[in-house]
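Heads up: the sequence lines are chains A and B, in that order. For what it's worth, our numbering labels the leading residue of the first sequence as 6, then goes sequentially. For what it's worth, our numbering labels the leading residue of the second sequence as 1127, then goes sequentially.
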Amino acid sequence: MPKLVIEIIHGPYGRENAYAGLFIAMGWVAVGNEVIVALHGDGVYAARKGQKDPMKEISLPSVEKQVMDILEEGGRVIADRTCIEVRGLDKEMLIMGVEVLDGDDLVELVFKEGERVITL
Amino acid sequence: MVEKKTLTIMLASAPLGSQYADHMCRVALRALEKGHEVEIFLYGDAVHAQMNHQSPKLFFPVGEKLKELVVKGAKVYSCEICSVARGYISGQLTPDGKKDYSSTKVLDGIQFTTIFGFVESLARADKVLSFGGG
């Protein structure tokens, strides 16, 4: 199966990047391909659990829902451990099913699985 | 003769505000000159690169370069919903059941596609590059 890695390095809502990256990821898995969404830096906030109805509050689509949809379709969403910890987050604060990997392991995985890599 | 490969490029930033569109055009032109297939996808704010009548006095002419890329054989795709959102096309269904991509605001040769068109382009690609996302 063709593989795609999407790197997200900016937080959701302030910029379009997280939404845009997850949108591609969803399109990619929807046709039966394999996707890994790698969250680095502020990108880890995309995986934060309990984002309160962004469409109602700030007229933006929910990134949390996108992450859940991708996981449901069999995609992997992985957050960099250091990036979540320095932001005071831990695995329990992330959406169920989101993986946490040490930075080195995540980079290695991206090298291994990244036939195609997109950074957003 | 180098083996012919397909290069798929995603551009995610608008021209002028940053140099990503400029670099993307340069890389794409070189790839074409070397005999490769080039497919470009304008995503998010990058759809502004398709605007007609761009005339930067001093900066890199992204509009002109996109036209040149099309003439030289690159396929330039533009994100449909991003273009509808930014007022380039209506995207409404016409009576014959097709989407309306007509526009006086868009350069000739730009092809509109949904995210699935981009996904197909990614699947075809031997190499993927992204510009202006980070």
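All C-beta atoms in this analysis are idealised placements derived from N, C-alpha and C, irrespective of residue type, glycine included. Treat the numbers as computed from the prediction; the structure is a model and nothing was measured.
State the Cα-Cα distance for the pair residue i and residue j, rounded to the nearest angstrom.
{"i": "A:V91", "j": "A:E21", "result": "23 Å"}
{"i": "B:K1201", "j": "A:K96", "result": "43 Å"}
{"i": "A:Y50", "j": "A:P17", "result": "7 Å"}
{"i": "A:I11", "j": "A:I63", "result": "25 Å"}
{"i": "A:A23", "j": "B:L1195", "result": "29 Å"}
{"i": "B:C1208", "j": "B:D1171", "result": "8 Å"}
{"i": "A:V99", "j": "B:Y1169", "result": "A small correction: the amino acid at residue 99 of chain A is Leu; Val does not occupy that position in the sequence shown. One C-alpha to the other measures close to 28 Å."}
Give the range of the beta strand (DSSP E) segment to which residue i is assigned.
{"i": "A:I41", "result": "39-44"}
{"i": "A:V82", "result": "81-85"}
{"i": "B:Y1203", "result": "1201-1205"}
{"i": "B:V1164", "result": "1163-1168"}
{"i": "A:E104", "result": "104-106"}
{"i": "B:I1262", "result": "Since the first residue shown for chain B is 1127 and the last is 1260, residue 1262 of chain B is missing from the structure and cannot be characterised."}
{"i": "A:I75", "result": "Here A:I75 belongs to no beta strand (DSSP E); instead the alpha helix (DSSP H) covers 68-77."}
Hey, could you find the ends of the alpha helix (DSSP H) residue i is sitting in?
{"i": "A:I29", "result": "22-35"}
{"i": "A:I63", "result": "59-63"}
{"i": "B:F1244", "result": "1241-1250"}
{"i": "B:L1192", "result": "1188-1197"}
Report the CB separation of residue i from residue j in whole angstroms; it is logged as a contact under 8 Å.
{"i": "B:L1133", "j": "B:A1251", "result": "7 Å"}
{"i": "A:E118", "j": "A:P7", "result": "Wrong, their Cβ atoms sit about 11 Å apart, outside the cutoff."}
{"i": "A:V115", "j": "A:A43", "result": "6 Å"}
{"i": "B:M1177", "j": "B:K1231", "result": "6 Å"}
{"i": "B:I1135", "j": "B:V1173", "result": "Not really, about 14 Å apart at Cβ, beyond 8 Å."}
{"i": "B:R1254", "j": "A:I123", "result": "It is worth fixing the name first, because residue 1254 of chain B is Val in this sequence and not Arg. Contact flag correct, Cβ pair sits at about 7 Å."}
### Task
Mind the definition here: the stretch 95-112 of chain A touches the stretch 1136-1151 of chain B only if three or more C-beta pairs lie below 8 Å; say whether that holds.
no
#### Entry: the stretch 1240-1254 of chain B in contact with the stretch 13-29 of chain A per 3-pair CB rule at 8 Å
yes
### Message
Tell me which residues of the stretch 9-27 of chain A have at least one Cβ-Cβ distance to chain B shorter than 7 Å, keeping chain order.
### Response
L9, I14, E21, N22, A25
### Message
At a CB distance below 7 Å, what residues from the stretch 61-73 of chain A approach chain B? Give them in sequence order.
### Response
none
### Query
Which residues, taken in chain order from the stretch 1136-1154 of chain B, show a beta carbon closer than 9 Å to some beta carbon of chain A?
M1136, A1138
### Query
Residues in the stretch 1192-1216 of chain B with C-beta within 8 Å of chain A's C-beta atoms, listed in sequence order?
none
### Validate contact between the stretch 1147-1160 of chain B and the stretch 1176-1188 of chain B using beta carbons, cut 8 Å, 3 pairs
yes
### Message
By the 7 Å beta-carbon criterion, what residues does the stretch 1222-1243 of chain B contribute toward chain A?
### Response
I1241, F1242
### Message
If the cut-off is 9 Å on Cβ atoms, which residues from the stretch 34-48 of chain A count as contacting chain B, listed in chain order?
### Response
A35, V36, N38
### Query
What are the residues of the stretch 89-104 of chain A that lie near chain B, defined by any Cβ-Cβ distance shorter than 7 Å?
none
### Task
Please confirm if the stretch 1154-1164 of chain B is in contact with the stretch 76-90 of chain A, defined as three or more CB-CB distances below 8 Å between the two stretches.
no
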